[in-house]
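Chains as they are written, first to last, in the working numbering: chain A, 2 to 115; chain B, -17 to 93. For each residue, glycine too, the CB sits at the ideal point set by N, CA and C. In this text, all values refer to a predicted model and were calculated from it rather than measured experimentally. The structure under discussion appears below in the form of C-alpha cells.
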Amino acid sequence: ETGVTQSPTHLIKTRGQQVTLRCSSQSGHNTVSWYQQALGQGPQFIFQYYREEENGRGNFPPRFSGLQFPNYSSELNVNALELDDSALYLCASSLTGQAGAVQYFGPGTRLTVT
Amino acid sequence: QKEVEQNSGPLSVPEGAIASLNCTYSDRGSQSFFWYRQYSGKSPELIMFIYSNGDKEDGRFTAQLNKASQYVSLLIRDSQPSDSATYLCAGHSGGYQKVTFGTGTKLQVIP
C-alpha cells in the first residue's frame, strides 16, 4: 500500500507568479483534500475533490483552484501569488463512504513567496 | 468563534507522566474527531479517531469524547521525549468530508 505523495517538496516563487502543486492519493482512496498551514497555525481547509469534481471549499479566493484526475491524483493551482501564500501546503486522501472520514496526509510542499 | 479550540501550550510534563490534551468544538453536527501529531517541519500524522461517546484506547493513547459537553481529549500515558510535538485536534462535519482543525497544543516531555 503506497502512502500519499506530494511534489515538489520545496518551492520558491515571486509575488504575482503562478504555482502548481501535485498530490498522489493513497492507494484505494478516492477523495483528496488540500490544506494550507501557516507557521504556528492548524491546517486550513482549501477544498476537496471527489469524482473529479470540487466537493467543498473553504474560505479561499478563486485564485486557488484545483483538479482531480481519473487516477484520483490531484493538483492545486495558485495564481497571482501573494506574500501571505507562503505556507506548508498539505494534501490528504481519504475514502468517501468510509466511516469516520479518516484523512491521511502527504509530506507537504513548503511554498515560499518572495 | 473558532470551530475547534485548543490551548496552544506549551504543555510540559516529565518523562513517564500522563499528558492530557484537551479540545472543545462548537459545531454540534460534528460526527468524528481526530488527533494528529505533528513534528516541527513535518506533516500531521494520524494518532487516533473517535466517533462514539466514551473512551477509545490504542497502546499508550486514549481518546475521550463527550458530545454533550462538546469536548474531546487525548491522554498519553508513560510520556516519552519522542512524544514532544504539536498535537492537532480535528472534527468532521458537513455533507462532505470537511475536517476542521484546531491550532494545536505543543507538548514538551522533559527527560
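| Asked | Found |
| --- | --- |
| Taking any Cβ of chain A, which residues in the segment -16 to 0 of chain B have a Cβ under 7 Å from it, in chain order? | none |
| Which ranges would you report for the beta strand (DSSP E) in the segment 26 to 84 of chain A if only whole runs of at least 3 residues count? | 32 to 38, 45 to 51, 54 to 58, 65 to 69, 75 to 79 |
| Quick one: what's got a C-beta closer than 6 Å to Gly29 of chain A's C-beta in the same chain, skipping five residues either side? | none |
| Determine which residues of the segment 82 to 97 of chain A have a Cβ less than 7 Å from any Cβ of chain B, and write them out in chain order. | Leu91, Ser95, Thr97 |
| Run down chain A in chain order and give the residues with a C-beta less than 7 Å from the C-beta of Tyr12 of chain B. | According to the sequence displayed, residue 12 of chain B carries Ser and not Tyr. Those do not exist, as Ser12 of chain B stays about 11 Å from chain A at its closest Cβ, beyond 7 Å. |
| Please confirm whether Lys38 of chain B and Tyr69 of chain B have their CB atoms less than 9 Å apart. | no |
| For Ile13 of chain A, which residues of its own chain have a beta-carbon under 6 Å away from its beta-carbon, when the five flanking residues on both sides are left out? | Thr113 |
| Using a cut-off of 9 Å between C-beta atoms, extract the partners of Phe43 of chain B located in chain A. | Those do not exist, as Phe43 of chain B stays about 15 Å from chain A at its closest Cβ, beyond 9 Å. |
| Pull out every residue of the segment 46 to 71 of chain B whose Cβ sits closer than 8 Å to any Cβ of chain A, in chain order. | Leu70 |
| Count the other C-beta atoms from every protein chain shown that fall within 10 angstroms of the C-beta of Thr3 of chain A, then say buried if there are 16 or more, exposed otherwise. | exposed |
| Could you give the distance in angstroms between the alpha-carbon of Arg16 of chain A and the alpha-carbon of Ser55 of chain B? | 41 Å |
| Using a Cβ-Cβ distance under 9 Å, would Leu3 of chain B count as near chain A? | no |
| Throw me the rounded Cβ distance for the Leu89 of chain A and Gln19 of chain A pair, which I believe falls under 8 Å. | Not quite, the Cβ-Cβ distance comes to about 19 Å (not below 8 Å), so this is no contact. |
| For Asn48 of chain B, I'd like the list of residues in its chain whose CB is within less than 8 Å of its CB, leaving aside the five on either flank, ordered along the chain. | Asn35, Val54 |
| Any beta carbon of chain A sitting closer than 9 Å to that of Ser25 of chain B? | yes |
| Tell me which residue opens and which closes the beta strand (DSSP E) that Ala50 of chain B is part of. | Looking at the DSSP string, Ala50 of chain B is not in any beta strand (DSSP E), and its letter there is neither H nor E. |
| Measure the C-alpha to C-alpha separation of Gly57 of chain A and Glu(-3) of chain B and round it to an integer number of angstroms. | 42 Å |
| Roughly how many angstroms separate the alpha carbons of Gln(-12) of chain B and Thr6 of chain B, rounded to a whole number? | 7 Å |
| Under 8 Å by Cβ, that's how I've got Thr97 of chain A and Tyr51 of chain A pegged, so tell me the actual separation to the nearest angstrom. | 5 Å |
| Give me the residue from A:Asn80, A:Ser87, A:Phe65 with the minimum Cα distance to Ser34 of chain A. | A:Phe65 |
| Can you list the residues of chain A that Thr82 of chain B reaches, using a CB-CB cut of under 8 Å? | Phe46 |
| Starting from Ile29 of chain B, trace the beta strand (DSSP E) in both directions and tell me its first and last residue. | 27 to 32 |
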